[in-house]
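Enquirer: Read in order, the letters of the sequence shown are residues 76 to 162 in my numbering. Supplied in structure tokens, the structure appears directly below.
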Amino acid sequence: MQRVCDRFLNVGLEFAGSVPHDEYLRRAVQRQTAVVDAYPASISSQALKNLAAKADKWSVPKGARGHLEFFVERMLGARMAPSTVLQ
Numbered sequence: 076m077q078r079v080c081d082r083f084l085n086v087g088l089e090f091a092g093s094v095p096h097d098e099y100l101r102r103a104v105q106r107q108t109a110v111v112d113a114y115p116a117s118i119s120s121q122a123l124k125n126l127a128a129k130a131d132k133w134s135v136p137k138g139a140r141g142h143l144e145f146f147v148e149r150m151l152g153a154r155m156a157p158s159t160v161l162q
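Below is the structure:
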């Protein structure tokens, strides 16, 4: 994946962290609830909170430079497009 991102998207990937599987994660999935809401003290919740704290400190690009940004922009734009009402 690193090579593909570097070659085609001109984007480097760095390991940000991992989320260990635990019984509470499985239970949250079965309940269709976020593990951080259902079991905030679980190991997987703590790992997700740590990862979110790291991601919150990442710098945000000042504008689309192409490649990945345009892809994400298109994906979000398609998802946010107004839905057509069938009559």
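Even for Gly, the Cβ is constructed at its ideal location relative to N, Cα and C. Predicted model, so just to flag it, every value in this text is computed and none were measured.
#1: Buried or exposed: where does S93 fall if 16 or more other Cβ atoms within 10 Å of its Cβ makes it buried?
#2: Report back the beta-carbon spacing between V110 and L100 to the nearest angstrom; my notes put them in contact at under 8 angstroms.
#3: Within 10 angstroms of its Cβ, does S119 collect 16 or more other Cβ (buried), or is it exposed?
#4: Give the C-beta separation of Q77 and L84 to the nearest angstrom, bearing in mind that I take them to be a contact with Cβ-Cβ under 8 angstroms.
#5: Please classify A116 as buried or exposed, where buried requires at least 16 other C-beta atoms within 10 Å of its C-beta.
#6: Nearest CA to the CA of D131: which residue from L151, A91 and P95?
Expert: Working from what's here:
#1: To locate residue 93, count along the sequence shown from 1; it is residue 18. Exposed is the call here.
#2: Within the sequence shown, residue 110 is the residue found at index 35, counting from 1. Within the sequence shown, residue 100 is the residue found at index 25, counting from 1. Confirmed, about 5 angstroms.
#3: The residue you call residue 119 lines up with position 44 of the sequence shown. Buried.
#4: Mapped onto the sequence shown, residue 77 falls at position 2. Mapped onto the sequence shown, residue 84 falls at position 9. Not a contact, Cβ separation roughly 11 angstroms.
#5: Looking up residue 116 in the sequence shown gives position 41. Counting Cβ neighbours within 10 Å, A116 comes out exposed, since fewer than 16 surround it.
#6: Counting from one through the sequence shown, the residue named residue 131 turns up at place 56. Among L151, A91 and P95, the Cα nearest to that of D131 is on A91.
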